[in-house]
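If you want our numbering, it's the 1-based position in the sequence shown plus 877.
Ideal Cβ placement from N, Cα and C applies to all residues, glycine included.
Structure first, then comments.
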Amino acid sequence: MVKTEELFLKLLRFVSVTPDDGGAFAFIKEYLNDFEVIEVNVEKTKNLFLYKRFGEGPHLCFAGHIDVVPPGHGWQSEPFEPLVKEGIVYARGAQDMKSGVCAFLQALKQAENFKGTLSALLTSDEEGDAKHGTIEVLRELERRSFLPNYAIVAEPTSEVVFGDALKIGRRGSINGMIEITGKQGHAAYPEKAINPVHQVAPLLHKLAGHLLDSGDEDFTPSQMVITDIRGGMEVSNVTPGNLKIMFNVRNSTKTEREKIRVYVEDVLQGMNFSLHLSESAQPFVTCKDSLIVKTVSNALLHVKGKMPKLSTAGGTSDARFFGAFGIATVECGVVNDTIHAPNECCPLHEVESLVEVFKNVIENFEKEDV
């Protein structure tokens, strides 16, 4: 077994821009060569599932993605040639999320005893559309009656210092497009036109920032966030014939797509408009008393000396797919403050601490609540 730093640097050198694994999966299969292998490859996406049965008992899965976003510009070092400076590793994917992948690979490599099955689920399609990644592996595992009971997604979920937050759920994401149709005309003769901007202006406050629910102890309120408004011809003497309004709702379990539809239709009643809603993620939350929440929280307490706060903040991740299959899931990883940015970086000590957290989880996972 190689040292954590060596493994981390090795993973960072793979040029694994979505949906390419860059050759990383071949290395990972060799690294965990005593684990059984299931490969689920769909179109250009490669997915790898490794598992090892230690005995009867719960199935605990560690999950993550090997793919990264393109490097972009503004780097002070080579994005895929990691630079270690004063204990900090600079490379694309250092936080998001080869740190997490490195940590659970090390923990699984060192696992000697477990009261059940340990596994790792890896995809090369999380930073892209995620249509052929984790979801396809879970479907295959469901067909084999081999879905995990519990999952830890090793995304970078800490906020200020490592271990300060543990995600126990995620909000959903619903995108909306409103198109209001009026009648184009001359600006000098507004009475001869139907200006959709004028129609919606007195009502915009009922859409922009509107809270669709009051939230609860797990989720903040579901809010309509306007992301784009456009109409007209970019001239000053022609009134627009139509207006498009785009919005996003990061929704809690208290708001569904139909609730949004009913609300928008009520606000815009009497107008000639269309509404299109698309849902890219459904909300989920894992019970605070779940074995996985308690065990990972206690592991963070053991390693860092402080219990993490339980959070559902942030955008979406592949944890949503585990939630959709009814798998009790948490997200635990390094600090998230440079992901997708130039000079993305991660302190090596955070990766090493994450290894210790995952080892503690494996060593102390109890056979109950299954």
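Cα-Cα, which of the options is closest to residue i?
{"i": "P1067", "options": "N1114, T881 and M1148", "result": "N1114"}
{"i": "K1181", "options": "S1230, T1193, G1147 and A1218", "result": "S1230"}
{"i": "C847", "options": "E963, L937 and G951", "result": "The structure shown does not extend to residue 847, since the chain is modelled only from 878 to 1247, so the question has no answer here."}
{"i": "P1025", "options": "P935, H1082, S1167 and V1232", "result": "P935"}
{"i": "L1225", "options": "E916, K906, D897 and Q972", "result": "Q972"}
{"i": "L1120", "options": "H942, P956, G1108 and T1130", "result": "G1108"}
{"i": "V1211", "options": "D1105, L909, I965 and K880", "result": "I965"}
{"i": "P1098", "options": "A1190, K1083, K921 and A1007", "result": "A1190"}
{"i": "V1037", "options": "V1238, L995 and K1186", "result": "K1186"}
{"i": "T1000", "options": "Q1100, C1164, I905 and S1157", "result": "I905"}
{"i": "S1151", "options": "E1243, Q1159, V1139 and F1161", "result": "V1139"}
{"i": "E883", "options": "R930, A1064, E958 and V1141", "result": "E958"}
{"i": "D1048", "options": "S893, A1196 and K880", "result": "A small fix is needed here, since residue 1048 is Arg in this sequence, not Asp. Ranking S893, A1196 and K880 by Cα distance to R1048 puts A1196 first."}
{"i": "F902", "options": "L982, E1017 and E933", "result": "L982"}
The beta strand (DSSP E) with residue i in it runs from where to where?
{"i": "G941", "result": "H936 to H942"}
{"i": "V961", "result": "L960 to K962"}
{"i": "D1105", "result": "M1101 to G1108"}
{"i": "F1150", "result": "F1150 to A1158"}
{"i": "I1045", "result": "Premise fails: I1045 is in no beta strand (DSSP E) and is neither H nor E."}
{"i": "F1124", "result": "N1119 to V1126"}
{"i": "Y1248", "result": "What is shown of the chain runs 878 to 1247, which leaves residue 1248 out entirely."}
Let's test the definition: count the other Cβ atoms within 10 Å of the Cβ of residue i and tell me whether it reaches 16, buried, or not, exposed.
{"i": "K1044", "result": "buried"}
{"i": "D1166", "result": "exposed"}
{"i": "K1236", "result": "buried"}
{"i": "Q953", "result": "exposed"}
{"i": "L1088", "result": "exposed"}
{"i": "L1080", "result": "exposed"}
{"i": "R969", "result": "buried"}
{"i": "T1104", "result": "exposed"}
{"i": "S1157", "result": "exposed"}
{"i": "S976", "result": "buried"}
Helix, strand or coil, according to DSSP, for residue i in the structure here?
{"i": "Y1140", "result": "helix"}
{"i": "R1016", "result": "helix"}
{"i": "T881", "result": "helix"}
{"i": "C979", "result": "helix"}
{"i": "S1174", "result": "helix"}
{"i": "I1216", "result": "coil"}
{"i": "V919", "result": "strand"}
{"i": "E1004", "result": "coil"}
{"i": "E1208", "result": "strand"}
{"i": "R930", "result": "strand"}
{"i": "V1247", "result": "Because V1247 sits at a pLDDT of 40, beneath the cut-off of 50, its placement in the model cannot be relied upon, and the following sentence gives the value as read from the coordinates. Looking at V1247 - three-state DSSP - the assignment turns out to be coil, as it is neither helix nor strand."}
{"i": "K986", "result": "helix"}
{"i": "H950", "result": "coil"}
Could you give the residue range of the alpha helix (DSSP H) that holds residue i?
{"i": "E1229", "result": "L1225 to N1241"}
{"i": "F1199", "result": "A1196 to A1201"}
{"i": "I1074", "result": "The amino acid occupying residue 1074 in the given sequence is Val; Ile does not appear at that position. Its alpha helix (DSSP H) spans residues P1073 to V1077."}
{"i": "F904", "result": "A901 to Y908"}
Pop quiz: residue i and residue j are said to be a contact at Cβ under 8 Å. What is the actual Cβ separation, rounded to whole angstroms?
{"i": "N1149", "j": "T1058", "result": "5 Å"}
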